[in-house]
Amino acid sequence: MQTYKVAIVGTGGIAAVHADNLARTGGRAELVAACDVDQGRLDDFAGKHGIPATYLTLAELLAGAKPDIVHLCTPPMFHIDQAIECLEAGVHVLSEKPPALSLADFDRLETAQATGGAQFSCVFQHRFGDASAAARHLIGGSEFGRPLVARCDTLWYRPDSYWDLPWRGTWNAEGGGPTMGHGIHQFDLLLHLMGPWEEVTAVAGRQARATSTEDLSAALVRFRSGAVATMINSLLSPRETSDIRIDCEYATVELSHLYGYSMDNWTVTGAPGHEDEVTAAWTSRPLEQGSGHSAQFLAMYDALDAGRPLPAGADSARQTLELAAAIYASAFTGQPVRRGQIVPGHPFYGGMDGDGLGTRVLDATALNRTAVDTAV
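Read in order, the letters of the sequence shown are residues 1 to 376 in my numbering.
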């Protein structure tokens, strides 16, 4: 097993999660460098995590540290250009979500990967761990049966002060609100467990928060299998939970947690007459490793060792990003959106705001609500 040289770009809050989890990989990774535009923050981060080399620009890091893998922990608007710079230099990329602010930007990765011979992966850590692997194996199989109906809710709470950072809550910097920046982890896991989606009908609104984007979206998603799922992405929910429930022919699979899960967060229930078979199938699978960044890091190293495509690579990450784009497109046009419909020339291909349509719809809704409140 190879030990990989890793560098972290961006030393804000999520970077500490990466550094801490890299230390839990049993020597599979060596954290050789960090990069940030803020020298003081960079020095503090490097000192805390014992990082030997620091750089103020990505170009200097790539030339000086020569890492095998770069972890992008910068704000969302920087992800795609930084990923392309790394890939063209032949360095693998693990990018925090969202991987890009639009499908148009994301599709630039294909040329960059071919140019440098390196691979892109997105941080979708909920896919990893034993319980997720067990559920993915069993859903659609003979013991659990095919999936029929599901729900996927990211019900979180963020006060107005959350948007004090100037890049938060803007289409140009984050690409959207909770659909892009928060719920994307949970519905990525839903897609990982249930397979390709086919059509979505959605609504989105700015109910209460000081943001330019939505603070709530809700969607009805139909999958290729015929299954149907409801989905809510909210920053308005005081009792925070992250929930997935998938009802199959013979079993219900449930996951309830907040920002990460262990085995205890999963519940599997057999249909009447199938209890023993369902329980036996679930407990026969390995159920020890929890989810989290370190689980994804280890899966990435195993793939590189074996010469396999990276897990959570560009193709599957694009499916998740396309669903986010379709939710916005449906919400702001009032029409269902099918997978594959958002292509070059479509207003939502170049951005989740749909060439300003999203802003106009959200602003009009907010004005109408204000008018009603004033009248009352």
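Beta carbons: idealized from backbone N, C-alpha and C, even for Gly.
In the structure shown, D215 falls within a coil segment according to DSSP collapsed to helix, strand and coil. For V9, DSSP records a beta bridge to C35, L72.
Counted as a single uninterrupted DSSP element, the alpha helix (DSSP H) harbouring A324 occupies residues 314–333. Around the beta carbon of P99, 16 or more other beta carbons sit within 10 angstroms, so the residue counts as buried. Residue pairing by DSSP places F223 opposite W197 in a beta bridge.
V337 and E60 have their C-alpha atoms roughly 43 Å apart. Leaving aside the five residues that flank Q186 on each side, the residues in its chain whose CB is nearer than 6 Å to its CB run, in chain order, C152, T154, S242. According to the DSSP assignment, I84 belongs to the alpha helix (DSSP H) that extends over 79–88. For F106, the enclosing alpha helix (DSSP H) stretches over residues 103–106. Counting only residues of its own chain and dropping the five nearest sequence neighbours on each side, H137 has a CB closer than 8 Å to the CB of R285.
Spatial neighbours of P347 in its own chain (CB-CB distance under 6 Å, excluding positions within 5 residues in sequence) are listed in chain order as G354, D355. At a Cβ-Cβ threshold of 8 Å, I51 and A34 count as neighbours. Nearest neighbour of M180 by Cα position, chosen from E275, F124, N368, turns out to be F124. Nearest C-alpha to G90 among I232, K97, Q319, A112: A112. For T170, the secondary structure class from DSSP, reduced to helix, strand or coil, is coil. Cβ-Cβ distances below 7 Å link E288 to D130 in the same chain, with the five nearest sequence neighbours on each side left out; the list follows chain order. Judged by their CB atoms, G350 and A104 are nearer to each other than the 8 Å cut-off.
Taking 8 Å as the upper bound for CB-CB distance, L216 and S234 are in contact here, some 5 Å apart. CA-CA distance, S161 to T211, rounds to 10 Å. Under the three-state reduction of DSSP, T230 is assigned to strand.
For the set H274, T3, G290, the Cα lying nearest the Cα of S142 is the one of H274. For E30, the secondary structure class from DSSP, reduced to helix, strand or coil, is strand. Comparing alpha-carbon positions, the option among T252, L191, I327, H257 lying closest to S225 turns out to be L191. Taking a C-beta distance under 8 Å as the contact criterion, S291 and G313 do not qualify as a contact pair.
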